[in-house]
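*Asks:* Would you mind keeping the following structure in view while I ask a few things?
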Amino acid sequence: MRNDRTIKWLILLIPTLTIGLWEYIRHAFLLPYLSMELGNLLAPFIVLAVTLTLVRSLFARLEQSQQALQREKGTNAALEERERLARELHDGISQSLFLLAVKLDVLDEMKIDGPVKELATGLRETVRVMHEDVRQAIANLRLPPSPAAAAWVVPLRELLGETAEMSEAQADFSWSIPDVSLSDKEKVELHACLREALINVRKHANATKVLVVGEADGFGGFRCAVEDDGKGFSGDPLQSPGRFGLRMVRDRATAMGWNFLAERRGDWTIVELRKQGGAAS
1 MRNDRTIKWL ILLIPTLTIG LWEYIRHAFL LPYLSMELGN LLAPFIVLAV
51 TLTLVRSLFA RLEQSQQALQ REKGTNAALE ERERLARELH DGISQSLFLL
101 AVKLDVLDEM KIDGPVKELA TGLRETVRVM HEDVRQAIAN LRLPPSPAAA
151 AWVVPLRELL GETAEMSEAQ ADFSWSIPDV SLSDKEKVEL HACLREALIN
201 VRKHANATKV LVVGEADGFG GFRCAVEDDG KGFSGDPLQS PGRFGLRMVR
251 DRATAMGWNF LAERRGDWTI VELRKQGGAA S
């Protein structure tokens, strides 16, 4: 802020100082050689030349400083919002899931058998997975975003590793999309879609191989996919009960103008997002 104030004062003072210095030099040294009319004519051109050099560079530095300040404010606002969301997740959903798990513990202690017992076991597993997802989301929100190039794909690689570890599956992460070719909004939406697809694999697939692929087409487009050799699905997966995650991925992709595909190819289940080269996001 102090530096910006100095630059503003220099922008105001330089033209005045230029005129004063010119008048001093003209009267002290150039008066015998330079007429009053010619000196008055040269004065505005001298001020213009100084403005186009010194003052213009000062304006550029001031603009850079303001842009850096806006970026810092934006980063601080994003960190505050992430912390707020983390608190809301912890105080709301996380606590509710914990209470639900406690109630399921009470249900387990009751002498029940048959379908009710099976339902309680299924509910317990669902609550456990949801609680893990919420805890991971809270941890991710409280980590400061890394300025390193392509740092946003690191959590996807880690989630792929966790998915493979839980399923005792082989994992492969192949990513060749240049980071600069994606807008911030595209990164956010791709992260959300691929994360949901990976969670879907972890919950339902029982796969032995899981792949995450990101390929650029060379024309500004890309293909991203999560592929696994698990049990897959029959029919239209978007119409299957409980497939809310895939419907969310489809809706996000549609909103971004991307093509969405979820299908079975041989032994592989593929959830794919594709942006055509030159398409606006």
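Read in order, the letters of the sequence shown correspond to residues 1 to 281 in UniProt numbering. Glycine residues also receive a C-beta, built at the ideal position from the N, C-alpha and C atoms. Since the structure is predicted, the reported quantities are computational estimates derived from the model, not experimental observations.
Which residues does DSSP pair with I270 in a beta bridge?
*Replies:* Note: I270 sits in a beta bridge opposite E227, E263.
*Asks:* Would you list the one or two residues that DSSP bridges to K209?
*Replies:* In the DSSP output, where bridge partners are listed per residue, K209 has Q170.
*Asks:* Would you mind working out which of I7, L123, E81, E118 sits nearest A101, comparing C-alpha positions?
*Replies:* Among I7, L123, E81, E118, the Cα nearest to that of A101 belongs to L123.
*Asks:* Run through the region 60–117 for me and flag every whole alpha helix (DSSP H) of 4 or more residues, listed as ranges in chain order.
*Replies:* Listed in chain order, they are 95–109.
*Asks:* By a C-beta neighbour count over all protein chains shown, 10 Å radius and 16 as the cutoff for buried, is D228 buried or exposed?
*Replies:* So D228 ends up on the buried side.
*Asks:* Go ahead and pull the three-state DSSP assignment for T45.
*Replies:* Rather than Thr, the amino acid found at residue 45 in this sequence is Phe. Here F45 sits in helix by DSSP.
*Asks:* Taking the alpha helix (DSSP H) that L190 falls in, what are its first and last residues?
*Replies:* Per DSSP, L190 belongs to the alpha helix (DSSP H) from 184–204.
*Asks:* Mind checking W9: buried by the 16 CB within 10 Å criterion, or exposed?
*Replies:* Burial call: exposed.
*Asks:* Kindly indicate if chain D contains any beta-carbon less than 8 angstroms away from that of W175.
*Replies:* Any reference to chain D falls outside this structure, which holds one protein chain only.
*Asks:* Using only alpha-carbon positions, find the residue among D184, T53, V153 that is nearest to F173.
*Replies:* Among D184, T53, V153, the Cα nearest to that of F173 is on V153.
*Asks:* Whether or not the region 160–176 and the region 197–204 are in contact is what I'm after, with contact meaning three or more pairs of Cβ atoms, one per stretch, closer than 8 angstroms; do they touch?
*Replies:* As far as the Cβ criterion goes, the region 197–204 touches the region 160–176, which means the pair count is three or higher.
*Asks:* Return the chain-ordered list of same chain residues with a C-beta closer than 6 angstroms to the C-beta of D267, the five sequence neighbours on each side being excluded.
*Replies:* Closer than 6 angstroms at Cβ, skipping near neighbours: D229.
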